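Numbering follows the UniProt record's numbering, with no gaps: position 205 of the sequence shown is 205.
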Amino acid sequence: MTYRKRRKPSGATVNYRYRQGRTYEDFTRFTGENPHLSIAEMDTLEGRKGDEKVLLTMYLRSYRFMLAFLMDNQDMENVLRHFHWLEDLLGFDLFRDLFPVILTDNGSEFKDPVALEEPLDTHDGLKRTRIFYCDPGKAYQKGGIEKNHELIRYVIPKGTSLENYTQDDITLLINHINSYSRNERAPFTPFDLFEKAYPELVKKLGLKRIASDDILLSPRLIKR
């Protein structure tokens with residue numbers, strides 16, 4: 001994974017008052033005042049305890065659509081690298097359109113919101129996103145991504161090592177999950193809704209629709 005280097009190193013250290021102005025209450029207030037902005041939920045999903053590789057997951061509420069990226073380590077450096085890569089791939093405007101508001105948990109890998117919000121280049125002082133945090137111990141506040149994690153576990157059961165998985169494996173899994181019909185918007189799947197809004201982005205990310213009869217959410221999908 002490569003991306004353009006930031007215009008200059010931030011030099012910022014992690015601010016351990018990271019939740020100031022970014023609590024769930026702040027999130028509720030901000031989104032209430034800006035109802036036109038889309039909301040994304042973000043998390044990491046571990047494999048076998050003690051292993052290094054984890055999944056970075058991002059769930060777009062408006063489409064019930066999820067992205068997932070295999071990270072080498074569960075740390076801030078890897079999360080930031082994926083943010084830079086995504087912005088470089090999508091461009092600042094599209095990144096900002098997709099992820100104007102991100103709600104995440106209090107994991108150490110997310111505790112530098114200033115770095116996550118800062119774009120690769122200057123854009124008249126605009127941030128590429130706004131980061132907010134759930135209340136500690138209240139994962140249900142980002143219930144959409146938690147529900148999709150259950151679908152991931154159908155294929156990669158809890159305790160399964162991610163060390164031998166590739167990004168192609170994870171993309172295949174996400175294609176099956178996003179092509180899986182939910183009753184709320186039947187007959188439209190999350191893939192249908194997202195592709196209609198962002199057809200070119202589907203191609204850029206290498207995503208593919210899976211026919212309903214071919215959807216497989218079990219460990220047999222990815223043989224290891």
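Glycine residues also receive a C-beta, built at the ideal position from the N, C-alpha and C atoms.
All figures in this text were calculated on a predicted structure; none of them were measured in a lab.
Using DSSP with H/G/I as helix, E/B as strand and the rest coil, what is residue i?
i: F27; result: helix
i: I152; result: helix
i: L216; result: coil
i: E118; result: coil
i: I222; result: coil
i: T171; result: helix
i: D192; result: helix
i: F99; result: coil
i: I39; result: strand
i: E146; result: helix
i: A68; result: strand
i: Y140; result: helix
i: E163; result: coil
i: L55; result: strand
Taking the alpha carbon of residue i as the reference point, which residue from the options has its own alpha carbon closest?
i: G206; options: I102, D124, F69; result: F69
i: P219; options: G159, T31, F188; result: G159
i: L108; options: H123, G125, P136; result: For clarity, residue 108 is Ser in the given sequence; the question names Leu instead. The option with the nearest alpha carbon to S108 is P136.
i: V54; options: I152, A40, P187, I210; result: I152
i: D43; options: D88, D214, I145, I156; result: I145
i: D213; options: I222, S181, V202, P199; result: S181
i: D26; options: F191, I102, N164; result: I102
i: N106; options: D75, A211, N183; result: D75
Would residue i and residue j qualify as a contact pair, given that the criterion is a beta-carbon distance under 8 Å?
i: P119; j: F92; result: yes
i: P113; j: Y18; result: yes
i: residue 225; j: M66; result: Outside the modelled stretch of the chain, which goes from 1 to 224, sits residue 225, for which no answer is possible.
i: F110; j: T104; result: yes
i: E33; j: K142; result: no
i: Y63; j: P199; result: no
i: Y154; j: L56; result: no
i: R22; j: F132; result: yes
i: R130; j: S179; result: no
i: L89; j: K204; result: yes
Have a look at residue i and residue j and give me their C-alpha separation to the nearest angstrom.
i: S38; j: D97; result: 8 Å
i: E46; j: L162; result: 8 Å
i: N175; j: T31; result: 29 Å
i: I222; j: K147; result: 20 Å
i: L193; j: T171; result: 18 Å
i: L86; j: T166; result: 18 Å
i: N78; j: E195; result: 27 Å
i: G50; j: R81; result: 22 Å
i: V202; j: H84; result: 19 Å
i: L173; j: M58; result: 14 Å
i: I156; j: H149; result: 10 Å
i: N73; j: D124; result: 33 Å
i: R29; j: A197; result: 27 Å
Let's test the definition: count the other Cβ atoms within 10 Å of the Cβ of residue i and tell me whether it reaches 16, buried, or not, exposed.
i: Y140; result: exposed
i: Q20; result: exposed
i: L126; result: exposed
i: T122; result: exposed
i: R48; result: exposed
i: A211; result: exposed
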